[in-house]
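Have a look at the structure below before the remarks.
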Amino acid sequence: MIVPAAIDWSVIVPILPELLLVGVAIVLIGLDLFFPDQRQLLPWLTIVGSLCALIMVLGARPAVGFGGMFLLDGYAVVFKTICLATVIMTALMSEQFRNLIRMRQGEYYSLLMLSLVGMLLIASAGDLMVLYLGLELMALPIYALVGLHKQGRWTSEAAVKYFLTGGFASALLLFGMSLLYGLTGTTDISQIAEAISVRQLAGNSAMLAALGLCLVGCCFKVAVAPFHFWTPDVYEGAPTVITAFMSVAPKAAGFALFGRIFFFGLPHLHDHWGPILAVLALLTMAVGNITALCQRNLKRMLAYSSVAHAGYAVLGLLAGTAEGMAATMTYLVIYLFMNLGAFAILMLLTSADGSGDTLDDCKGLATRHPLAAAMMLVFLFSLTGIPPTGGFIGKFYLLKAAFMAGYTLTVVGAVLFSAISAYFYLRVIRYMYMNDPVQQTGLVASSGMYATLVLCLLGVLGTGIFPGSLLNWTVALLAGL
Amino acid sequence: MIPLSWYIALSIMLFCVGACGFLTRRNVIIMLLSLELMLNGVNLNLVALSYYLDSVRGQLFTFFIITVAAAEAAIGLGIAVTLYRSRRSVHVDTINQLKG
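Chains as they are written, first to last, in the working numbering: chain A, 73 to 553; chain B, -1 to 98.
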């Protein structure tokens, strides 16, 4: 008789938040299917589930699960917090959006949850397999989310473009991973780093091919130029609430992926990837900021601005130091507040048929809705990087990290492009305050929308006025590895 | 015994054929097939390396990739169907309304 081995259930403790979210996703789709008249519960269930997961993540002690495949370290905690907070705010905003466009709510919220699980897995991955699975679990629901609103004029086009570029990037990344496996004989990220230093693989040509493929794959995912071309189309075509979500959470998860591979897995090849990233960061800031100058559509302008912000965030990563990584993480937290805030205001402006997101539509916003205009002013100041908002502090730490690592020219370029970006951000403010409104209708906002706006405003101003606490938090978590 | 380099060469060829197909073909379905070809190049690489390294991780990885590729194909075809319904075509040259 075969005695089954006793299962040690304590191994699942580190992944409890993820399991909880998978459970919530299943409950959400079941609730939508079997109790269609209880649909108003869906957003609240999403929010409560994500909040519980957030508390569990923040309260968890550092742990290693599944033989090093799953790492619950400080690095993971920061990225998980960003992704969970984004989903909570997106769910709060979605109530507003449901009134504008009829969306399939059960699918919408459960896909959001499943994508969130993928992001949490990326943040915690200690192994290339988990990294890849997390990446696909994040990306596949988002392809579906972009195309979910089938009656939209551009949604299917955006979904196809996103799907094809995302799939191509994944394939490139995977080939790079398979080469890494062949060279080091393992898929464990810390063991890969060890094997590279022990066996002196840093100059190997196959190693450089693997590095290049992984770099291109990651650059696609975080939209670093010249691999950013899908971003504006997808961001413009998708429903605004999903664009807001996509421009923050998957980008943060993409940086988690970037950091796991390059900062943890390939630190010994920093001499190779540091300068390449410095050039790409400059190119990204140039393309993002200069193309944003000639956009009339506010959504598309914010899409290019998110490309430019990916360029800034790379500045911390390319330094290859713990301070640089902490600066990138800090910046992503601040970016979460300012970008979601700007998109929330854009959502207020958007009318039922998806129009109303051009520059002309924000003319005279200050007379139509003074509070919304004042909030947009703060978010745009923060995106530009004007003190005392969080955006200034975030950029300051990033530039400092890159400067300390010796990338002086890149830092100079970043400052110049940041100055250029002031033109198109402040142009929106000029339209809001110095032009007469084209339409006189008031703006309606749901209570969830107000909650999001207040949270974003507090985040942007709080990080700007008390800059030390956020950086200390990320540095302490990263140092506690 | 077939040397490892042959397998690697074959997998690189498969991957490159897939990549070229993806970049040159203009039909969404064919592009999807090219993506699958690229993934199969990766799978072959991983399995061959796994055999020669005498480590089981590569084969495990391949199983996961095959599973994910199936899910990816399902979503991709679903998106292609919605595209066809709205545009009556799955040619990428016709999806050019978003630009600027």
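Backbone N, C-alpha and C define an ideal beta-carbon position, used for all residues, glycine too.
Because the structure is a prediction, the values reported are computed rather than measured.
> Any idea if alanine 77 of chain A is buried or exposed, counting beta-carbon neighbours within 10 angstroms, 16 or more meaning buried?
Replying inline: exposed
>> Tell me which residue opens and which closes the beta strand (DSSP E) that leucine 143 of chain A is part of.
In response: 142 to 144
>> Quick check: the region 222 to 236 of chain A against the region 263 to 276 of chain A, are at least 3 beta-carbon pairs closer than 8 Å?
In response: no
> asparagine 43 of chain B versus chain A: which residues are under 8 Å apart at the beta carbon?
Replying inline: Phe247, Ser250, Leu251, Gly254
> Any idea if serine 3 of chain B is buried or exposed, counting beta-carbon neighbours within 10 angstroms, 16 or more meaning buried?
Replying inline: exposed
>> I'd like to know whether the C-beta atoms of alanine 380 of chain A and methionine 373 of chain A end up nearer to each other than 8 Å.
In response: no
> Within 10 angstroms of its Cβ, does lysine 97 of chain B collect 16 or more other Cβ (buried), or is it exposed?
Replying inline: exposed
> Would you report the Cα separation of isoleucine 492 of chain A and valine 483 of chain A, rounded to the nearest angstrom?
Replying inline: 14 Å
> Helix, strand or coil for alanine 274 of chain A per DSSP?
Replying inline: Coil, per DSSP.
> Taking the continuous alpha helix (DSSP H) assigned at valine 218 of chain A, which residues delimit it?
Replying inline: 200 to 218
> Helix or strand or just coil, what does DSSP make of valine 90 of chain B?
Replying inline: helix
>> In chain order, what are the residue ranges of uninterrupted alpha helix (DSSP H) at least 4 long that sit wholly in the region 458 to 532 of chain A?
In response: 462 to 476, 480 to 506
>> Can you check which of these residues, A/Val75, A/Lys467, A/Gly457, A/Ala358, is closest to methionine 401 of chain A by C-alpha distance?
In response: A/Lys467
> Cα separation between valine 54 of chain B and serine 48 of chain B?
Replying inline: 6 Å
> Closest Cβ-Cβ distance between glycine 39 of chain B and chain A: below 8 Å?
Replying inline: yes
>> My assumption, with CB atoms under 8 Å, is that methionine 191 of chain A sits in contact with methionine 210 of chain A. Please give the rounded CB distance.
In response: Your pair methionine 191 of chain A and methionine 210 of chain A checks out as a contact, with CB atoms roughly 5 Å apart and the cut at 8 Å.
>> Just checking: is the beta-carbon of isoleucine 28 of chain B within a distance shorter than 8 Å of some beta-carbon in chain A?
In response: no
>> When you compare the region 15 to 29 of chain B with the region 80 to 90 of chain B, are there three or more beta-carbon pairs, one atom per stretch, that lie closer than 8 Å?
In response: yes
> Nearest-angstrom Cα distance between alanine 195 of chain A and methionine 506 of chain A?
Replying inline: 44 Å
>> For alanine 324 of chain A, list the residues DSSP reports as bridge partners.
In response: According to DSSP, alanine 324 of chain A bridges with nothing at all.
> Cβ of aspartate 305 of chain A less than 8 Å from any chain B Cβ?
Replying inline: Answer yes: the Cβ-Cβ gap between aspartate 305 of chain A and chain B drops below 8 Å somewhere.
> Which residues of chain B have a Cβ atom closer than 7 Å to the Cβ of threonine 259 of chain A, listed in chain order?
Replying inline: Arg55, Phe59
> Quick check: the region 400 to 416 of chain A against the region 347 to 364 of chain A, are there 3 or more CB pairs under 8 Å?
Replying inline: no
> Going straight from the alpha carbon of alanine 135 of chain A to that of tyrosine 147 of chain A, what length do you get?
Replying inline: 12 Å
> Would you say the region 473 to 489 of chain A touches the region 350 to 357 of chain A, given that touching needs at least three Cβ pairs under 8 Å?
Replying inline: yes
> Beta-carbon of threonine 80 of chain B versus every beta-carbon of chain A: anything under 8 Å?
Replying inline: yes
> Among A/Val96, A/Val320, A/Tyr469, which residue has its Cα nearest to the Cα of methionine 161 of chain A?
Replying inline: A/Val320
>> DSSP three-state label for alanine 260 of chain A, please.
In response: As written in the sequence, residue 260 of chain A is aspartate, which differs from the alanine given in the question. It is a strand residue.
> With a cut-off of 8 Å, do at least 3 Cβ pairs link the region 215 to 231 of chain A to the region 260 to 270 of chain A?
Replying inline: No contact exists between the region 215 to 231 of chain A and the region 260 to 270 of chain A.
>> Considering only the alpha carbon of each residue, which of A/Ala486, A/Leu471, A/Ile417, A/Val487 lies closest to threonine 524 of chain A?
In response: A/Ile417
> From B/Leu75, B/Gly16, B/Ile93, pick the residue whose C-alpha is nearest to that of alanine 216 of chain A; which is it?
Replying inline: B/Leu75
> By the 10 Å Cβ neighbour count, where 16 or more other Cβ atoms means buried, how is asparagine 411 of chain A classified, buried or exposed?
Replying inline: buried
> Would you call the region 6 to 16 of chain B and the region 29 to 45 of chain B touching, i.e. three or more CB-CB distances under 8 Å?
Replying inline: yes
>> For chain A, check one thing: does any of its Cβ atoms lie closer than 8 Å to the Cβ of glycine 74 of chain B?
In response: yes
>> Can you look up alanine 295 of chain A in the DSSP assignment and give me helix, strand or coil?
In response: coil
>> Between A/Arg502, A/Ala385, A/Thr513, which has its C-alpha nearest arginine 440 of chain A's C-alpha?
In response: A/Thr513
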